[in-house]
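This note's numbering puts the first residue of the sequence shown at 65, with every later residue one more than the last.
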Amino acid sequence: MRADALPSATKADTARRNGVVWTAFIDEYELALRSVERDYPVLDPDSAEFKEDVMLEVYEAMKGLVKQGTPPALAVRLAAVQRFDN
65 MRADALPSAT KADTARRNGV VWTAFIDEYE LALRSVERDY PVLDPDSAEF KEDVMLEVYE
125 AMKGLVKQGT PPALAVRLAA VQRFDN
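Printed below as a string of structure tokens:
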């Protein structure tokens, strides 16, 4: 779920990858991901509790949300909440 593998959220974001907006977009996602990994250590590859299969499940849910137009920073939070808080 790290930013280097992150799909763009919208065509507009794709068009602005080289600018400040793209940098802010990545920064926002990274902050959200760190928060999710802190709240759910099973998703943190650096944690002893890490479970790759669970992380991949959340990642697939996040990708689905992004394809629907949800910004990645929100999508990663929503996917984790849907997986763990239901």
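Using N, Cα and C, we set each Cβ at its ideal position, and we do this for glycine too.
task: Answer yes or no: do residue 122 and residue 106 have a C-beta to C-beta separation smaller than 7 Å?
output: No, the Cβ-Cβ distance between residue 122 and residue 106 is not below 7 Å.
For residue 125, three-class secondary structure by DSSP: In the displayed model, residue 125 falls within a helix according to three-state DSSP.
- request: Could you give the DSSP three-state label for residue 105: helix, strand or coil?
  value: Under the three-state reduction of DSSP output, residue 105 falls in the helix class.
message: If contacts are defined as beta-carbon pairs under 8 Å, then residue 140 and residue 100 qualify, I think. What distance do you get, rounded to the angstrom?
response: The C-beta distance from residue 140 to residue 100 rounds to 6 Å, short enough to fall under 8 Å.
message: Quick check on the burial criterion: 16 or more other C-beta atoms within 10 angstroms. Buried or exposed for residue 88?
response: Under a 10 Å Cβ-count criterion, residue 88 is classified as exposed, with fewer than 16 other Cβ atoms of the shown protein chains found around its own Cβ.
- prompt: From what residue to what residue does the alpha helix (DSSP H) around residue 146 run?
  reply: For residue 146, the uninterrupted alpha helix (DSSP H) segment begins and ends at 136-148.
task: Can you say whether residue 112 is buried or exposed, counting buried as having 16 or more other CB atoms within 10 angstroms of its CB?
output: The residue in question, residue 112, is exposed, as its Cβ has fewer than 16 Cβ neighbours within 10 Å.
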